[in-house]
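J.: Counting from 14, one number per residue, gives the positions in the sequence shown under the numbering used here.
A virtual CB, placed ideally from N, CA and C, is assigned to each residue, including glycine.
Mind having a look at this structure? Questions to follow.
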Amino acid sequence: MTVIKSLKTGEISIPVGNEKALVIDTMMGYEDVHAVVKSVTDLPVLVVNTHGHCDHIYGNVYFDRAYLHPADLPIAKEHMKFPEFVEECNKRGLKMPPFEAIRGGDVIDLGGLHLEVIELPGHTPGGILLLLKEDRILFTGDSINHHLWMQLEESSSMTELVNNLEKVMYLTDKADVILHGHARGTDDISLMNKMLQGAKEIAEGKTESDKPYKWFGGIGKQHQFDEDGSVICYK
């Protein structure tokens, strides 16, 4: 089964097998994620970060170790230096555990539940997806969602994103729903097709109607790819 727990910065997904449980991203660390997990199960717990951004790794401080794709390790280390985080850790006597490598093709066996790791560089170079085979759920972190940030320095070009998405479109036959990094419930797997089409439109220069997108790093653009207001943000 997969348990969804609501935290201040989004929902945290906890697939629970017969032998182990898995925490997929630990958010900002405002809440003791370990205590949240222990309210669900007493089984041993693994932690996997879908990418290295602070709002997905800071809660690692409540665990002994976490898995991350090596390509995102420099990003994680940089975010771990942010003054507010360092100050909070010092004040509360917390520290980040070591990262262990996880790569595409790895399979996480929870006992009766198996999650396959799929690489999807785009939002970050080491972004991963996790396919829960038995339940046909695709966990996508920030790599596939309704508000995709591609305007970051570490993000790939739009052409690269299109190419990388096309490589993983087979997943639309292996999963029915998506749970992404800031979800409030599930999305249909068709989100992948819609996002791919939006990325293609940007790559092809079909951006005449795109509006400015203001964020803390400056002003970029946003390209709507669905009637529900879903957008890809880019430079």
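Under 8 Å Cβ to Cβ from S203, same chain only, skipping five residues before and after it: list those, please.
T.: Cβ neighbours of S203 within its own chain (closer than 8 Å, five residues either side excluded): T185.
J.: Measuring alpha carbon to alpha carbon, tell me which of L174, Y75, I245, H66 ends up nearest L59.
T.: Y75
J.: To the nearest angstrom, how far is the alpha carbon of A188 from that of H92?
T.: 32 Å
J.: Cβ atoms of V16 and V36: under 7 Å apart, would you say?
T.: The Cβ atoms of V36 and V16 lie no closer than 7 Å to each other.
J.: Quick check on DSSP: helix, strand or coil for I150?
T.: strand
J.: If you check the beta carbons only, do I191 and L128 fall under 7 Å apart?
T.: no
J.: So the alpha helix (DSSP H) I157 belongs to, where does it begin and stop?
T.: From DSSP, I157 is part of no alpha helix (DSSP H); its letter is neither H nor E.
J.: Using DSSP bridges, identify the partner residues of S26.
T.: I17, I37
J.: For D276 and P28, I'd like the C-alpha separation in whole angstroms.
T.: The shown model of the chain, from 14 to 248, leaves out residue 276, and the question about it has no answer.
J.: Determine which residues share a DSSP beta bridge with I191 and list them.
T.: L151, D200
J.: Go ahead and pull the three-state DSSP assignment for P57.
T.: coil
J.: Contact between the region 239 to 248 and the region 161 to 175: three or more CB pairs below 8 Å?
T.: yes
J.: For Q144, which residues of its own chain have a beta-carbon under 7 Å away from its beta-carbon, when the five flanking residues on both sides are left out?
T.: Note that residue 144 corresponds to Leu in the displayed sequence, not to Gln. Cβ within range, chain order: L128, E129, I131, L151, L184, K187, A188.
J.: Just to confirm the assignment: which complete beta strand (DSSP E) runs, minimum length 3, are found wholly within the region 76 to 105?
T.: 79 to 81
J.: Output the distance between the C-alpha atoms of K90 and G65, rounded to the nearest integer angstrom.
T.: 8 Å
J.: Leaving out five residues on either side along the sequence, give the residues of the same chain with a beta carbon under 6 Å from the beta carbon of L209.
T.: L178
J.: In terms of residues, what are the limits of the alpha helix (DSSP H) holding V49?
T.: 46 to 51
J.: Could you give the distance in angstroms between the alpha-carbon of P225 and the alpha-carbon of E32?
T.: Taking C-alpha positions only, P225 is separated from E32 by approximately 48 Å.
J.: Compute the beta-carbon to beta-carbon distance between V175 and L142, rounded to the nearest angstrom, for a pair I have assumed lies under 8 Å.
T.: Not really, about 16 Å apart at Cβ, beyond 8 Å.
J.: State the DSSP-derived secondary structure class of I10, mapped to helix, strand or coil.
T.: Missing from the structure shown is residue 10; the chain here goes from 14 to 248 and no further.
J.: In three-state DSSP terms, what is G140?
T.: coil
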